[in-house]
Every structure is written in structure tokens, then in C-alpha cells.
């Protein structure tokens, strides 16, 4: 079974085709196809390949399903003997991604050009 370890948002994920993962929010990712290039390791029938630090000739094809928010975390802090208590909450912004395929990059593919920034008004 083929799987890959990829890096996104400062975290590493072990993925295989068909997986749905939630990664740190990608602001520039709109629902639709997305190619992830930060592949650290890939395991296929041919064997295991480890990058130094990434594999330049391997990519992960995926589909952005949408943006969501994580589970709410309640954070409570207090200072002993000071009558000081603080309560706050946090919800992480996430992007849901479905992994479609893991494979080598071909010569016909070109890296997607960066989107031009909108001109200041």
C-alpha cells in the first residue's frame, strides 16, 4: 500500500489515496484541485524514498473540500492567592483536503504560477 508523509502548516501528515485530512487553514486554497509539493517521504511497491528534506520529484494530488473550524478549546488560567481568574476559548481554522493520488512528477507538468496580488487601490 502506497503512502506518503507530507508537511503542511508546520505539521506532518501520513496520507494515502482516499484519506480526508484537516490541515491548518490555507487562505489561498479555494475548493477544487490542489497539488501539494512538500513530500518528505513516500512508500510505494518499489520501496521507501526519503527526502533531504523534501522529494523534488514526487507530489500529492488532492482536492480541497472546504474550510471549517476545529473543536472549541476552553482555556482557564488563574493566579494562586490573587483572586485572578481568566477564561477564554479558541477554535482553530482548518482546511479539509481529500487525497486523490501520490505519484512522481512528469516533465510535462509545470509548477503552478503564483497568483498575482491585487493592485492596491
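In this note's numbering, the protein residues as written are 21 to 141.
C-beta: ideal position from N, C-alpha, C; glycine also.
**Request:** Below 8 Å on the Cβ atoms is my guess for residue 115 versus residue 96; work out the distance and round it to an integer in Å.
**Result:** Position 95 of the chain shown, counted from the first residue, corresponds to residue 115. Position 76 of the chain shown, counted from the first residue, corresponds to residue 96. Between residue 96 and residue 115 the Cβ distance is about 29 Å, and since that is not below 8 Å, they are no contact.
**Prompt:** So, are the CB atoms of residue 60 and residue 74 less than 8 Å apart?
**Reply:** By 1-based counting over the chain shown, the position of residue 60 is 40. By 1-based counting over the chain shown, the position of residue 74 is 54. Yes, these two residues count as a Cβ contact at 8 Å.
**Prompt:** Going by the beta-carbon positions, is the gap between residue 80 and residue 25 smaller than 8 Å?
**Reply:** On the chain shown, residue 80 is found 60 positions in, with the first residue counted as 1. On the chain shown, residue 25 is found 5 positions in, with the first residue counted as 1. Against a cut-off of 8 Å, the Cβ pair of residue 25 and residue 80 comes out as no contact.
**Request:** In angstroms with no decimal places, state the Cα-to-Cα distance between residue 70 and residue 139.
**Result:** Taking the first residue of the chain shown as position 1, residue 70 is located at position 50. Taking the first residue of the chain shown as position 1, residue 139 is located at position 119. Near 41 Å, if we compare the C-alpha coordinates of residue 139 and residue 70.
**Opening and closing residue of the beta strand (DSSP E) in which residue 24 lies** = On the chain shown, position 4 is the one that residue 24 refers to. Unbroken beta strand (DSSP E) run through residue 24: 23-28.
**Request:** Report all residues from its chain with a CB closer than 6 Å to the CB of residue 112; omit the five preceding and five following residues, and keep chain order.
**Result:** Position 92 of the chain shown, counted from the first residue, corresponds to residue 112. For residue 112, where only same-chain residues beyond five positions count, the Cβ hits under 6 Å are 90.
**Message:** Just to confirm the assignment, what range does the beta strand (DSSP E) spanning residue 85 have?
**Reply:** Locating residue 85 in the chain shown gives position 65, counting from the first residue. First-last of the beta strand (DSSP E) with residue 85: 78-89.
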